[in-house]
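The opening residue of the sequence shown carries number 7 in this note's numbering; numbering runs sequentially from there.
Cβ coordinates follow ideal geometry from the N, Cα and C atoms, glycine included.
The structure displayed is predicted, hence computed values, not measured ones.
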Amino acid sequence: MINRISLKAFCFVFLLGIASISQINAQTGTTCSAPGNTVVTDETSILILPQNDIQKVSVAEPVFSDGSDKIVFTLKVKALYPLPLSSWNVFFSSNGVTRFVQMSTLLGSPQFRYGTVSSLLGIPTFNYQGNVEGNYASDGTISFYINKNLINNPPNGSTYSVSGRVYINTLGIGLVQVDTTSEANYTLVGNDNCAPVLIAQWGMSGDIPVQHNYMRNETDDFAVWRPETGVWYAQDTLSPQTLAVQLGSGSSGDIPVPGNFDHDGKADFAVYRPQQGAWYILSTETNTVKTVSFGIEEDIPVTGDYDGDRVDDIAVFRPSSGVWYIMNSLDSSVRTVQFGLNEDRPLKGDFDGDRKNDLAIFRPISGAWYIWLSGSNSLRGLFFGKGTDVAVPADYDGDEKTDVAVWRPENGFWFVQKSNSNEVSTFQWGLTNDIPTPGDYNGNGRADIAVFRPTSGIWYAYHN
C-alpha cells in the first residue's frame, strides 16, 4: 500500500552553519584551503532542443590522491541521453583571455577538449589546444578535469568569469547557439601541496552516518541521522551548503535508508520502520512523504536499482529464509529470490557494470562472498575477508563496477580487490570503533576511503 502525505506534516528544512571542513597537509600539519564551489544556474528551457538545456555549471578544486592540482567544471544538462549531435562548453575568462572546456559529439563519440576561444560576428572560434579528462552520465552530468598547468598555473586568488553554452551543428549554417547560462565570478582557492585528506566535524556521539548525494553536487555529502530527534544533517563537501530535515524516529526503531527514489537525481531521505514493516520516503522531487508497507520486523532493508530504471527500488532481505523481496519501481511488481542464509550479510552494488544492482551477500563464518550477476545471470563466488571484517563494497577504481572490499576494525586496514585489474590494494585508515563510510567526496568518480568517528563526530576521508 502506498500513501502520499503532505511534506508539512513530517519534516522541516533549514540551513546550518556549524560545519568545519578542512584539508590537512600531512607533512606540515597546516590547514589548506577547502575546495571552492560556485553554481551558475539557468532556469530557461529552450523549447527547440529541451534535451540540451544547461541547468547549472559548477566549479570546484578538489584534492586528488595523485597530488594533481585541478579545476573541475561540471555541467548539468537536462535529459542528456541518448547523446545528440551537439557541443557543451564552459567558458571561463580572466585577464582578457577566454578559455573553454568542451564535450563534443559532433564527430560521433564524446570528445573532451580545451583551448582558447575567440569570436567573429558573435560566432565562436575554438582554438583547440588538446584533450582533457572528462566523463558524462546518463542523468545529464558532464565533468571536465583541467590541470592548472595547462592554463598557465593561475595564482590563487585569480578570479574567473564562468558561463556555459550549448551549440548544435546545423547543415548549411554551422554552429548555432541554442542555450546559454548567466555569468558568475569564481575565485581560485588553491590546494597546492595539500595532502588528499578531508576532515570534517559533522555529527555527534550516537549519530548514524548516512553519506549520499543529497545536494546533487555530483559528490557524496557528509551526512548523519540523529535517532533521538529523527533529524538528518548533511554537509556538501565542495561548498558551504548544509541542510537539515526531520524524518523518522529512533524511539520507533527506524532504520535510515536513503536512496534515489524519484527522478531528480538527489538522494531522498527515507526510513524503514521494522515493527510496522513500513517505509517513509520524503521525495525531494515532489516535497511529499510517501509511505509503503513492505516487509516484516526481521527484514533487513537493501535498497538499490535492481531493474535498471535509474530509480532505487524498495527491497528487503529476510534472514530466516534467505529470501530477497524487491518492489520494482518501474511497475511496483514484486520479485522474490532465495539467495543467502540466516547469518549472511546482504550487500549493495553493481558488480558487473550493467547499471543494475546485483544480489550479493557476505558470509562472515567463512569470509565468502556470493554475488548473483544480473548481466549474465551467473553466480560469482570468492573468499575475501574474515568474520570480524566489515564488508565495504564500492567503486574504488572508477570503472563503474562495484569492487569487493572489507575493512578490518582491529587494525584499521582496508582490503580492496579492484575490478579493473583484480589486484588487491591495502590501506590503513581508521580506528577500532570507527564506522567505515566509503563515498565519492571529491567528485572524481571513485569511492574514497573514509570513516566516521562516533566519539567525536568527525569524518576522515582519504581521496582516492
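What are the start and end residues of the beta strand (DSSP E) that includes residue i?
i, result
"Tyr286", "Ala284 to Ser289"
"Leu119", "The sequence given here has Arg at residue 119, not Leu. It spans Gln117 to Leu126 - the beta strand (DSSP E) in which Arg119 sits, taken as one unbroken run."
"Ser326", "That residue, Ser326, is in no beta strand (DSSP E); it is neither H nor E in DSSP."
"Ala276", "Phe275 to Arg279"
"Pro68", "Neither: Pro68 is in no beta strand (DSSP E) and is coded neither H nor E."
"Leu244", "Leu244 -> no beta strand (DSSP E), and no H or E assigned at all."
"Thr408", "Run containing Thr408: none; DSSP gives neither H nor E here."
"Val295", "Thr294 to Ser299"
"Thr432", "Val430 to Gln434"
"Val230", "Phe228 to Arg232"
"Val422", "Phe419 to Gln423"
Rounding to the nearest angstrom, what Cα-Cα distance links residue i and residue j in this structure?
i, j, result
"Gly209", "Ser125", "50 angstroms"
"Arg105", "Tyr120", "7 angstroms"
"Ala456", "Thr292", "32 angstroms"
"Thr187", "Ile174", "16 angstroms"
"Ala66", "Ile441", "28 angstroms"
"Leu336", "Gly314", "9 angstroms"
"Gln108", "Val182", "15 angstroms"
"Ser299", "Val340", "12 angstroms"
"Val258", "Leu288", "The amino acid at residue 258 is misidentified as Val; the sequence shows Ser. Near 17 angstroms, if we compare the C-alpha coordinates of Leu288 and Ser258."
"Gly178", "Pro68", "Bear in mind that a pLDDT of 49 at Gly178, under 50, signals an unreliable position, so the number given afterwards is only what the model happens to contain. Taking the straight line from one Cα to the other gives about 42 angstroms."
"Asn450", "Asp356", "18 angstroms"
"Ser326", "Ser167", "60 angstroms"
"Gln117", "Phe97", "17 angstroms"
"Arg232", "Ser462", "14 angstroms"
"Thr432", "Ser92", "43 angstroms"
"Ser425", "Gly102", "46 angstroms"
"Leu249", "Gln217", "13 angstroms"
"Glu303", "Thr47", "45 angstroms"
"Ser382", "Asp360", "9 angstroms"
Name the one or two DSSP bridge partners that residue i has.
i, result
"Leu253", "Looking at the DSSP assignment, Leu253 forms no beta bridge with any residue, so it has no partner."
"His2", "Because residue 2 is not part of the residues shown, which for the chain are 7 to 470, the question remains open."
"Gln135", "In the DSSP output, where bridge partners are listed per residue, Gln135 has none listed."
"Thr147", "Lys82"
"Gly445", "Asp454"
"Ser5", "No statement about residue 5 is possible, as the shown extent of the chain runs from 7 to 470 and does not include it."
"Tyr312", "DSSP, once it has assigned bridges, lists no residue as partnering Tyr312."
"Tyr142", "Ile148"
"Tyr239", "Val230 and Ala250"
"Phe98", "Arg105 and Val168"
"Ala439", "According to the sequence shown, residue 439 is Asn rather than Ala. According to DSSP, Asn439 bridges with nothing at all."
Please tell me whether, using a cut-off of 8 angstroms, the distance from the CB of residue i to the nearest non-hydrogen atom of the ligand ZN is below it.
i, result
"Val103", "As far as ligands go, the structure on display features none, and thus does not contain the ligand ZN."
Between the segment 300-320 and the segment 331-351, do three or more beta carbon pairs fall short of 8 angstroms? yes
Start-end ranges of the beta strand (DSSP E) lying completely within the segment 337-399, minimum 3 residues: 340-344, 351-353, 365-369, 374-379 and 384-389
For the structure I just gave you, are there three or more beta carbon pairs, one from the segment 271-279 and one from the segment 220-228, closer than 8 angstroms? yes
Assess, as a yes-or-no matter, whether the segment 388-400 is touched by the segment 409-421 under the definition of 3 or more beta carbon pairs within less than 8 angstroms. yes
Would you list, in sequence order, the uninterrupted beta strand (DSSP E) runs of no fewer than 3 residues that lie entirely inside the segment 159-222? 165-176, 180-186, 190-193 and 203-207
Cβ contact (3+ pairs, closer than 8 angstroms) linking the segment 461-468 and the segment 231-240: no
May I ask you to verify whether the segment 260-270 touches the segment 314-327, counting CB pairs closer than 8 angstroms and requiring at least 3? yes
Is the segment 340-350 touching the segment 387-397, taking contact as three or more C-beta pairs under 8 angstroms? no
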